Structure formats: C-alpha cells, structure tokens
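Beneath this line is the structure, given in structure tokens, with notes to follow.
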Amino acid sequence: MDAFVHLVPWIVLIPLIGFLFNGIAGMVSESFRKKKPLIGTIATLAVFIPFLMAVYLFFMMQGDGESASISLFTWIEAGNFTTDIGYRLDQLSLTMTLVVTGVGALIHFYSIGYMADDEGYWKFFAFMNLFIFAMLNLVLADNMLLLFLGWEGVGLCSYLLIGFWYTDMAKSDAAKKAFLYNRVGDFAFLIAMFMIFRTIGSLGFSEILAGLELFTSLDVFMIGLLILIGATGKSAQIPLFVWLPDAMAGPTSVSALIHAATMVTSGVYVIARLSPLYMMSAELMLIVAIIGAFTAIVAATIALTRYDIKAVLAYSTVSQLGFMFLALGTGAYVAAIFHVITHAFFKACLFLGSGSVIHAMHHVEHKLHEEGSNAHFDPQDIRFMGGLKKYLPSTYMTFMIATIAIAGIPPLAGFFSKDEILVMTFNAGMGEYGAIYIGLWAIALITAFMTAFYMFRLTLSTFHGKFRLPEKVKGAENSEKHLHESPFTMTSVLWALAGLSVIGGFIGIPNFVVATFTGTADVNLLSNWLDLTTMDADLILSKQVEWMLLFGSVVIALGGVFVAFMLYGDKEPEAQDRRIAARFGALYQVWNDKYMLDEIYEGGIVRPTVRLSDRVLAVFDMKIIDGFVNMIAYIVRFFGSVIRYFQTGLVQTYAFGMVIGVIIIVSMLLFR
Amino acid sequence: MELLLNIVIYLPLFGAFLLLFIRRAEWVKWTSLFITTAAFVLSLPLLLQFDISATGSAQYLTVSEPLLGDWDVKYMMGLDGLSMLLFMLTTFMAPIVVLSAWRSIDKHVAGFYSMLLILQTGSLGVFAALDLFMFYIFFELTQIPMFFLIGIWGGENRIYATVKFFIYTLVGWLLMLVALIYVGFAAGNMVNDGVFTTDWRLLTDPSFQLGLVEQTWLFLAFGFAFCIKVPIFPFHSWLPLAHTEAPTAGSVVLAAIALKMGTYAILRFLIPLFPNAAIAFAPMFAVLGVIGIIYGALVAMVQKDVKKLVAYSSISHLGFVVLGMFAFNTVGAQGAIIQMVNHGLSTGALFIIIGMIYERRHTRMIADFGGIAQKMPVFTVMFMMATLASIGLPGLNGFVGEFLILVGTFNSEVLGSYWYAVIGAVGVILAAGYMLWMFQRVMFGPITHKENNDLQDINAREIAVLLPLMLFIVWIGIRPTDFTKYSEAEVTRMLEDVQLRASVVVDNASGEDLPGWALHLYDVTPQLAANLDNETEEVEE
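Protein sequence lines, in the order shown, are assigned to chains A and B. In terms of the working numbering, the first sequence is residues 1 to 672. In terms of the working numbering, the second sequence is residues 673 to 1213.
Written out as structure tokens, the structure is:
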C-alpha cells in the first residue's frame, strides 16, 4: 500500500479545507451566508471527494493488502516521548473511512434541503465538515494520541451541533451534558495512554501491537478496562449512555451522522483496533460482553416506552451499540464492524426518515399558524402522527425498509450482522466463562425480539392508522392537507440508504450457509477483508447448530413484528401502551423512568459536588485560608496598635520616657 | 546580540521616561504601542539566533564588574533554554496588553502606561537575570508598578486587594532575601575564595555543596516565597482578589507574566540550588499541585463573577505546572514550561475577553449575561477558542502542556507513584465542567436582560488584540515542537545535573552530624547511623 498511502493525508485534509472555507467566509461575509446552495455544495464535495479517494484506495488495496503508514510531522515531543501526526492505511481504517465519508456525504447532501430555512446554514455545514475531519483523524490515526485528537474533536463537534440552536437553554444543556459524560470517558482513555506509554515507550499502534507481551496481565486488564470506560462514554454504553438520548436536541441530520452512523461507533473501532490486547484477557472480554448485552436490553426496554420519534431511535441506537460491544466481547470483531456498517445504513435511513417526518409536521404547524390557528404540538411526538404513509410515500417506504432491516429479517442488512453476533455469542458459550456467555446470548435474543417489536411500534404508529393530529389538538382540524413529502434532495438520500440497507448484508454472508450446499465456502467478503487487522475468536459450532440459531433468530424477529402488528396495527399507541404497562406493572414504570439514571447521576454526583464546592470549599477558601492570612495581619496590627502609644511624636513624652529610664538606670547603679 | 538583549529589556523603561513629556492621551497610547511593538520586533532576532543545542551556559551573556563593593554581585544577564520562551512571551504580550487597555483607561493615562512599561522592563529582567541578587532586584521592580496598577486603576475594593497582594508577596520574598544572603556567603566560602557571591555559574558549580540541613531550611525559605508568588495552594488567597480588582491590562499581565515568575523561579533557582531538598520535597509539592488542580477547579465552578472564575482556574492550571516541574523528568518539565506559555496565552486571552464585555456592560456577574452569542458572533468564536484551549482540547495549546505534564508525572521516578497523575487528570474533567457551564450561562440561551440587546460585536482593534493570541493557541496545539525545542536540551541537562549533584551530596553526607529527620528525609544511611536508621524504619513498618 506504500504507493497509495500519500493520498491519506488529503482524505483527512479536504474536509478541513471545507470547514475553514465555509467557516471563515461565512463569518466574514454577509453575502456569502446567503449563498446557501454554494455552501451546501462545497461542504458536500468536501466529504464526497475523500469518499471517492477512499473508494479508489479500496480497489487499489485488493491487489496489495499490506498496511502502510505515513507520517507528516512530529507533533508532541519531549524527553523520551514522541508522537507524530501520522496516518495508517489498512483494511480496518479504510472500512471505517468508507463508512464515514460515504454515509457522511449522503447526509451532507440531505442537509442541503433539510437545513434550507436555517439562519446558521453556513455554520452548520462548517461544523459538519469539521466533524468529518475529526472523525477521519480518529479512524486513520496511526497512534493513540492522534486518535485521541479525533476522539475529543468529534466530541467537540458533537457539542457544537447538539447545541446548534443555542438560544434554547435545554439544547445547550444537552450539548454540555454530552461533552461532560464524554470527558469522563476521555479521562480513563488518558490514563490508559499513560500506562501504554510507560511500558511500550510509544503510542503508535504498530509498536503497541508488536510489544503486547511486555505488558503484565494486570496491565492488560487495566488498560483494556480503561479504554473500555473511554468507549462507554463515546459509544454510549452503560454506565455513561445517558447523554445520547438528550443529544437528539441537535438537528436530525446531526443525529443521523454523529449519533447513529459514525461517532458513536468509534468505541467499537478502538476496541477492534486493539483486538489482540483484548484477546489476552478472558475476564476483560467478558466485561466488554456483559456491558454490551446489558446496554442492549436496558436501552431496548426504555425504547418501548417513548413517544418522541427521535428518542425511540436514540435508545435503539444505544441498544444496537450494545450488540456491537457484545460482539467485541465475544471476540467477534468482524461481526462488530459488520454491524457498524449495516447499522450506519439503516439507522441513518431511519433518522433521516424521521427528519423528513418532523419536517412535514413542522410545516403543518407553520401553516396552521399562518391560517391564524394557535395550535401548538410537539412535531416529534408520534401520538400526533399516524397515517402518514399516504402523504409521505417515499419516507414511509424507506422507513419501513430500514425498520425491517434493523428488526433482523432476512435478507436485509441487519439480519446478517445481528445473526452473526448471536451466533458468535453462543459460540463463546462453548469456551471460558461459557455459562455466562449463554446467559448473555439469551439476553441478546430477548433484545432482538424487543428490537423488532419497538421498531414496528414506532413505524406503525407513525405511518399506519389514521392521522391523529386533527382530533388531538384543538385548532388543527383538517391539518392533513398541509402534509406533503420532502423535496428530492432528501428523499433521494433516503432511497440510497434504504437500498444499502437491503443489499448491505451481502458483504458478510455467513460461510456455513453456502457451505451446506457446496461443501466448503469462502463467501464472507468482510471477514476475508478484515482478516489481517483484527484478531477474531474461532467459530467452533457445527453447521447444524448454526442453522438452528439462524432459524431461531428469524423466528424471534418475526415474533416481535407479529406482536407489534397485533397491538399497534392501526390503533392508537397510547391506549396499547397502557395495556403493556398494566401487564408489566412496576417494571414498566422503571423503563418509563429510564431506570432513574439521570436522577442518580444528577442527584448523587453532580449536585453534591457543586454543593460541596459552593457551601464548603468556597467558604473554606474565604474564611479559613484567607482568614488565616488576615489573622496574621491582625496580630501584627494588634502589636502595632499597642506599641504605637510609645511613638506619639510628642517630645515631652519622649523626654518623660528618657527621664524614667535615667532614673531606673541610676537607681540600679546606686542600689545594686 | 548582548547589546540587543539589553536594549529589549530597557526600551520599555526608556519609553516610560518618554511618557513623562507627553501630554495628549492619544500620543501616550501610540508611543506605548510603538515602544512595546519595537521591543517585540527587536526580541525576534534573539529567538532566531538562539542556539537550541547549547546547554549549560546562557547565551547573549552580559557580565559586569562586581557592583556592591567587596561583594561579588554582578549585573549578569543572558538567556538560556529555561528562560527563552518566557522572555518571548513577555515581549509578545506587551503590545497586546497596551492595545487591550486602549479604551478602558481614562484617568492618568500616562501614569498607567508608564507603569505597564516599567513592569515590562522588570519582567524581562526577571527572566534574563542570572545573578540571584539581580533577579531579586528586578522582581521587586515588577511589584511596585503592579501595586499601583491595581491600587489606582482597579475596581471598588482595589486598595485592600493591592495591599494584600503586595504585603503577602513581600513577606515571602523578605524571608527569601535572608536565605539568599546566607546562600551568597556560603557560596563565597566554598567556591569564591570567601567573597560573597550570587553568580549563577558559581551557585550551580558542582563543588558548591550545601549540607542537607542547610538545604532544607534554605529550600523552605525560597520555596515559601515562590509558593506565594505562583501561587500554590494554600498561599493563593491574594490572587482571586487581585484579579477581580485589577484593571483588564493588570489582570492580563498578572496572569500571563507575573505568575510565571514564581514557577520560573522554581525551575531556575529552587530546584538547581537545593537539589537534595527539591527531590526530597517533590512529593509534597506534587501533592500541593494536585490539590491546587482539584481545589482550584471546584472553587472556580461555583464562582458568580466570571473574572474570579478564571482566577481560580489559574490556580488549577498552575497546579499542573508545579506538578510537572516536580516530576523531575524532561517530559514533565517540558510540559510545565509549555504550560506556562499556554496559560499565559489562553488565560491572558480570557481576561482580555472578560474585559471586553465588562467595558460594554460594566458587570462581570454571570447572571447578568446570557444569550449574548446572538449579538456578538465574532466575539463568540474567540471566546470559544480560548475556552477550549483552557480546558485542554487536543489540537489547541492547553492539551500539549497538560498531557506532557501528566505523562511525565505518571512515569516519574522521583515521585514514585502514578496517583498524582491519575488524580491530576480528574482536573481535565472538572475544567470542562466549570468552563463550559460558565460559557453556556454567559453566551447561550435566550437574552434575559434587555441591556444585552444592544451589545456591539468586537471591533477591529479588539480583533487585532485577540487574533495573535488565537494564532498561537492553534500553532502551539498543532506544532508544539516549534516551541518546546528551545527548552528541550537545557531542561534535560539541568535535571540530569541536579540529580547528579544531589547524589554527590548524599554520598558525602556523614550520618554523625545529621539529625534524625534529615536522615529520613534524604535516605542517608551512613555506617554510624545505620542502626538508628533501621530501628526507626522498623517502627514505621
């Protein structure tokens, strides 16, 4: 790959140029800000050109699979520490680059229409390009520190874009929350880097992976755990996932790009990148798997109870990320990356589809206001939707395709990747800590059922039945006439992503499926492609077991779909949810309260810290520390105030003192 | 070049003299701007001609004959790796400071600018002085103009603030003066034929070996003075007060330049003069540094006054610097030096930024703002960048310093524990907390005070003030080696030299005339004291 690696810095730099151009021109020139098509085109090209370059590299790499690195210049250097700005081109980094730039370019294109009415258009696209720049640094970095630059950089862009409509305090709260929860993870990531540097003397991936045997087993465990904590921040896993649902405050295309398709998968990427390290400790792997499985089911149960279309998708994202972590924890790195890819397709499609729905509902509200009605409603609330398939046919069809894909119904993309994860989890049940892995497999299976269920609940409530807004909101009668499909720039992207959701799974057809008919097979393209960069666990299950698992997961998924149709077919979601709530009782309440995690963190950590600082430390600082200094000053002043009576400035007093002194001395001399 | 160095140092003083004859306020400002800009331009050749590989001796060295009669106290100025960056930071900040005060000062304009200029000469002298006595004199030269800057042009409570600042610092430094005279005589006896000397070269001569007990007391006396100046927790209480009362320009100089004198003095004098004591007390200083990081951040979080918040954040940032210096390795010390520069740039920028909104609204209370990002978009970008630099975002300058400091501390053999770095790194989370919370309450949300509706975005002069700072914030973030290379070689040599001299002193120490605590502190196990030592160790276990 040495011949082509020089292209990599350009892939990274072009989005930066887009950011600088739109950002500076937009800040300086009033008239430039009004040229929205130009701004959007520049920004989209700044992502699309790197995508083309990545595709070119992809074809060039077919002949020559060796990884290659390129170093631009020394970044930080002091004493024995040195790190370069350097990029690494291999199958894993290129795969991620293709996803980031490919899906990224589509979402940029979609945003041209979606953000058309926004004042901060130029700013939006500048931030989006900056995000792509940071994300590419993250996936292409050849050392941990540059990865960390991308890691915090995407966090910054996430902060800027969640709080994009900053005049709303709740939105800027969400942005701050996202940044701080990520910082907690980043703290762990920093410590992991210190530990790695202490033993290896470098933060380069090649050096780390070549020097793994230098680590003690405790080192391996601690480093892996710390990086995992970092990943739970960025990839929204237990215990740090609570920021992601709030992050939906940003524009919907941001949710699609950052909080579904790319940034939140960076934790998966990092662990896959360091897979040989994780494979050294079975306990470490088990922890990763447990966190993944529990995150998956916890988020899925919360998703069942939400009415905000984006919130359901957000929890669904957390849940699907949990599946990816489960895959990582079972040694199925290829499956994890596979799910990253397919998830990027169908979840981006779902988010952008929800954006199209919200766009339409917003439009309705806007038109109603023009007509003089003062109807107010939340345009993201599915209780006001229903029956939209008639008015938004393209959105409906693409949304449905993506829903089928995420539900895990063959032969769409989500089926293959999710099935591979389930199989590999069961497979891990045959090895060390097998019983626990079987338990996790059961959790994953239940979650797969719930995924199909809540996703169809969402789709059916939104698009089927009849349009509920006119009867639910006063002043919104006959509002359905204002509903209309989104423009071509938006629907075309939906169709592209839906298409990818259909065919995306075929890059990872399980070998055994074909092998059953032909004897042996080597059809899993992704597995072959990533073979050199990740260190996967071996699949030891027999073909019969694999077929059973495959049928099992199909039946489970179809079961979820069936129950959802029974309950929500064309009925009002709220009434049906009450039935579920009655059935599950207190458990449902816990789901509805989101397990109280926000309250626990807020009440248990954040507020006590602030109160401690406010009531104790700040007072301590003024009263004790400064008080001590003042006390010394007062002591000095006290002595001064006593002694100053001897320094009156009156000659008589001094003369008097002298006379007294003379008398004393003389009497002492006389009477000794 | 020696001449040029002296010109750069005294040009501002000459400028202050010129201001005596200028009546019109406008001319005063332009003259000051011209003088400080000229000083900066003239200092550039010093940077460009600097030989980064030369170590062990200063460059552009000026040495006079002894000045104080029989005493070997000399006018001795020069630059080396330890001082080069801070010297340049001082000349670079000066025109920015002058320009930042352009509209905010309307009483005694000539007096104000002459104080700034005198302060600059003093600061440059502090960083260039290589005679301990000269260092002391230049240091005092910086105190007096700062006293007046706060006391005359400050806020409501200015007299209290400036007196506290002045006396607190003075108390520490008088104690140091006593210790300094002791060192001068001791050095005279050992390496200068009995003649009192404060010559830098003689003080770091390998044959100048202070006894362990002497070192301890002298170290503590010097250390006390520097702790107050930095300031290190718990000697910091003058700082938030001085910062809130000082005029913008005063705060900027205080944060960017004056505080660095304390940390610089630790690196320049405290550690090399008393190597054994410095190593023995390193954990104590590291603990104070870590406390400063966390404590400063927590107290900053609940401040209601933006300026006070930034002042407390300074305590947190300087905790990092102290931590890095006492890691006793090149990585940590290099991090500390670049962090000094970074803190000067980003905190300086923050104080200037606060000054800008104060000029517009005459308040610094967070609650009086909110939503002003809508009214001041360019200002928002600058403020955001300074904030992000301050919270150590990779790609901006703050990260480089903090990261190197923490790596150095984590691997420090002298400190011997990674907990300092781990706890210190918590400061990274807290920094994001208090800065972003403040930023949000000031800039985001709806406009809640109608006075804020008429806010004007920053003008060309204000952009010109901030833009150079932003440039360096990014430059150091992306290519820190362009800066760290100046100190790399000298820092490495200095630390090796310190550890070498420390080991020589310990080897020569005999247990007979050492008290028990000193044996412990310095790990001396001479034969005569061996039994006693073992006993006490057993007791501890």
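Even for Gly, the Cβ is constructed at its ideal location relative to N, Cα and C. Computed from a predicted model, the values in this text were never measured in an experiment.
Let me check understanding here. Comparing Cα to Cα, which of the options lies closest to residue i?
i	options	result
P944 of chain B	B:L874, B:G1007, B:L970, B:M933	B:L874
L550 of chain A	A:S501, A:E370, A:L567, A:G414	A:G414
S909 of chain B	B:E1162, B:L939, B:T834, B:T935	B:T834
I291 of chain A	A:R611, A:L7, A:L440, A:I643	A:L440
F1071 of chain B	A:T44, A:T97, A:D186, A:F19	A:D186
I191 of chain A	A:G211, A:V357, A:L228	A:L228
G728 of chain B	B:N1125, B:E1162, B:T916	B:E1162
K310 of chain A	A:I503, A:V523, A:L352, A:I509	A:L352
F693 of chain B	B:A782, B:L1022, B:R940	B:A782
D1129 of chain B	A:I14, A:V28, A:F21	A:V28
G1042 of chain B	B:I938, B:G1117, B:V843, B:T763	B:G1117
T888 of chain B	B:L995, B:V855, B:T876	B:V855
R1133 of chain B	B:T762, B:I938, B:S772	B:S772
R1165 of chain B	B:Q881, B:K932, B:R940	B:R940
L1087 of chain B	B:N1124, B:D742, B:V959, B:M765	B:V959
M263 of chain A	A:K623, A:V629, A:S235	A:S235
Which first and last residues belong to the alpha helix (DSSP H) in which residue i is found?
i	result
K543 of chain A	543 to 568
K418 of chain A	413 to 428
M60 of chain A	36 to 61
L733 of chain B	Premise fails: L733 of chain B lies in the beta strand (DSSP E), 731 to 740, not in any alpha helix (DSSP H).
L160 of chain A	144 to 162
L1076 of chain B	1069 to 1082
W825 of chain B	804 to 825
G1004 of chain B	1002 to 1033
F638 of chain A	626 to 643
N478 of chain A	That residue, N478 of chain A, is in no alpha helix (DSSP H); it is neither H nor E in DSSP.
Y936 of chain B	931 to 937
V993 of chain B	978 to 997
Assuming the contact rule is C-beta atoms closer than 8 Å, residue i and residue j should be a hit. Round their C-beta distance to whole Å, please.
i	j	result
G1145 of chain B	S1018 of chain B	Position check: residue 1145 of chain B holds Ile in this sequence, whereas Gly was assumed. Contact flag correct, Cβ pair sits at about 6 Å.
F1000 of chain B	L757 of chain B	At roughly 20 Å, the Cβ-Cβ gap does not stay under 8 Å, so F1000 of chain B and L757 of chain B are not in contact.
A893 of chain B	V850 of chain B	7 Å
V493 of chain A	L106 of chain A	5 Å
T1002 of chain B	A78 of chain A	6 Å
S486 of chain A	H359 of chain A	6 Å
A927 of chain B	F992 of chain B	Not really, about 15 Å apart at Cβ, beyond 8 Å.
DSSP has residue i in a bridge; who is on the other side?
i	result
E77 of chain A	A:T82
D381 of chain A	A:D308
R830 of chain B	According to DSSP, R830 of chain B bridges with nothing at all.
G204 of chain A	A:N143
L89 of chain A	A:A68
A801 of chain B	B:M749
M450 of chain A	DSSP output for M450 of chain A lists no bridge partner at all.
M115 of chain A	According to DSSP, M115 of chain A bridges with nothing at all.
T869 of chain B	B:D744
Span of the beta strand (DSSP E) holding residue i?
i	result
T305 of chain A	It is not in any beta strand (DSSP E) - T305 of chain A carries neither H nor E in the DSSP assignment.
Y747 of chain B	743 to 751
- Query: Within the chosen definition, does the region 53 to 63 of chain A reach the region 303 to 318 of chain A through at least 3 CB pairs nearer than 8 Å?
  - Reply: They do not touch, by the three-pair rule.
- Task: Kindly confirm or deny that the region 128 to 146 of chain A and the region 77 to 96 of chain A touch, where touching means at least three C-beta pairs closer than 8 Å.
- Result: A contact exists between the region 128 to 146 of chain A and the region 77 to 96 of chain A.
- Query: Would you call the region 827 to 842 of chain B and the region 959 to 978 of chain B in contact, with 3 or more CB pairs under 8 Å?
  - Reply: With the cut-off at 8 Å, the region 827 to 842 of chain B and the region 959 to 978 of chain B do not touch.
- Message: Is it the case that the region 373 to 390 of chain A contacts the region 473 to 492 of chain A, given that we only count it when at least three CB pairs across the two stretches are under 8 Å?
- Response: In short, these stretches touch, since the Cβ pair count reaches three.
- With contact counted as at least three CB pairs below 8 Å, one residue from each stretch, are the region 218 to 227 of chain A and the region 148 to 168 of chain A in contact? Touching, no, given that fewer than three Cβ pairs across the two stretches are closer than 8 Å.
- Message: Quick test of the definition: if touching needs 3 or more C-beta pairs under 8 Å, does the region 1092 to 1110 of chain B touch the region 1061 to 1070 of chain B?
- Response: Contact between the region 1092 to 1110 of chain B and the region 1061 to 1070 of chain B is present, because at least three Cβ pairs lie under 8 Å.
- Selection of the region 183 to 200 of chain A by Cβ proximity to chain E, strictly under 7 Å: The chain inventory of the structure shown lacks chain E, comprising the protein chains A and B.
- Can at least three beta-carbon pairs, one atom from the region 442 to 452 of chain A and one from the region 388 to 399 of chain A, be found at a separation below 8 Å? A contact between stretches requires three or more CB pairs, one per stretch, nearer than 8 Å, and the region 442 to 452 of chain A fails this requirement with the region 388 to 399 of chain A.
- Does the region 867 to 881 of chain B come within contact of the region 802 to 814 of chain B, defined as at least 3 CB pairs closer than 8 Å? Enough Cβ pairs lie closer than 8 Å, so yes.
- Quick one: any contact between the region 147 to 165 of chain A and the region 41 to 51 of chain A, if contact means 3 or more CB pairs under 8 Å? Output reads no: the region 41 to 51 of chain A does not touch the region 147 to 165 of chain A.
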